[in-house]
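Take a look at the structure set out below.
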Amino acid sequence: MPMGEQLRTDANRTSAEEGAYRPGATEAGAYGPDGGKSTGQLMKEVTEDVSTLFRKEIELAKAEIVGGLTEKIKGIAIIATAGVFGLFALIFLLLAIRDGFDNFLWAWVADLATGGVLILLGVIAVLVARKKLATPIDPELTKKTLKEDVDFAKSLGRRS
Numbered sequence: 024m025p026m027g028e029q030l031r032t033d034a035n036r037t038s039a040e041e042g043a044y045r046p047g048a049t050e051a052g053a054y055g056p057d058g059g060k061s062t063g064q065l066m067k068e069v070t071e072d073v074s075t076l077f078r079k080e081i082e083l084a085k086a087e088i089v090g091g092l093t094e095k096i097k098g099i100a101i102i103a104t105a106g107v108f109g110l111f112a113l114i115f116l117l118l119a120i121r122d123g124f125d126n127f128l129w130a131w132v133a134d135l136a137t138g139g140v141l142i143l144l145g146v147i148a149v150l151v152a153r154k155k156l157a158t159p160i161d162p163e164l165t166k167k168t169l170k171e172d173v174d175f176a177k178s179l180g181r182r183s
C-alpha cells in the first residue's frame with residue numbers, strides 16, 4: 024500500500040480502534056468542533072432537565088394538596104363528632120323536658136345541665152371544624168418554586 028493511502032486509512036480510524044482519544048475522531052455529532060458538547064446533546068439535556076423539573080413540581084403540588092385534604096378530613100371528623108354531641112344533647116334535653124313536665128322535681132335540672140354541656144361541646148366542635156374547613160388548600164410552596172423556576176428561566180434567556 025502506498026504511503027498516501029496508509030495515511031488516509033489511519034485518519035479514518037475511530038478512537039476506539041486506536042485505544043486513545045483524538046479530537047474530531049469520536050462518534051458523529053457527539054462533540055462540537057472545540058471538544059465540548061454538541062447543540063443536540065445540550066438540547067437533550069435541557070429537555071430532560073425541564074421534564075424532571077415539571078415532574079418534581081407536580082409531586083410537590085400533590086404533596087401539598089394531600090396535606091390540605093388531610094386537614095379537611097380532620098374538619099369533617101370534627102363535624103361528625105359535633106353531630107354525635109348534638110344527638111346526645113337532644114336526647115338529654117328531651118329527657119329534661121319529660122322529667123320537668125312529669126313531676127317538677129330537681130332531677131330534670133341535672134338532665135338539662137347535661138344537655139347544656141353537650142350542646143356547648145357540640146358548638147365548640149362546629150366552630151373548630153368551620154375554621155379548619157374555611158382555610159383553602161393553597162399550595163404555597165409549589166407557587167413559590169414555580170415562580171423561582173420562571174425567574175431562573177428568564178435569567179437564562181437574558182444571558183443568551
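Residue numbers for the sequence shown follow the numbering used here, beginning at 24 and rising by one. Just so it is clear, CB atoms sit at the ideal spot from N, CA and C, and this is done for glycine as well. As the structure is a prediction and not an experimental result, all values here were calculated from the model.
Counted within 10 angstroms of its Cβ, other Cβ atoms place residue i as buried (16 or more) or exposed
i: Phe115; result: buried
i: Ala103; result: exposed
i: Leu150; result: exposed
i: Leu143; result: exposed
i: Leu141; result: buried
i: Ala152; result: buried
i: Lys177; result: exposed
i: Arg181; result: exposed
i: Lys170; result: exposed
Presumed contact (8 Å Cβ cut-off) between residue i and residue j, rounded CB distance
i: Gly98; j: Ile160; result: In fact, because the Cβ distance is near 12 Å, the residues do not count as touching under 8 Å.
i: Ala148; j: Phe111; result: Going by Cβ atoms, the distance from Ala148 to Phe111 rounds to 12 Å, so no, they are not a contact pair.
i: Pro162; j: Glu87; result: 4 Å
i: Asp174; j: Leu76; result: Incorrect: roughly 13 Å between the Cβ atoms, too far for contact.
Proximity below 7 Å, CB of residue i to CB of residue j
i: Leu113; j: Asp134; result: no
i: Glu80; j: Lys155; result: no
i: Gly145; j: Ala105; result: yes
i: Ala84; j: Thr165; result: yes
Notebook entry, point to check: Can you list the beta strand (DSSP E) stretches of 3 or more residues lying completely in the stretch 58-125, in chain order?
Noted result: Fully enclosed beta strand (DSSP E) runs of 3 or longer: not present.
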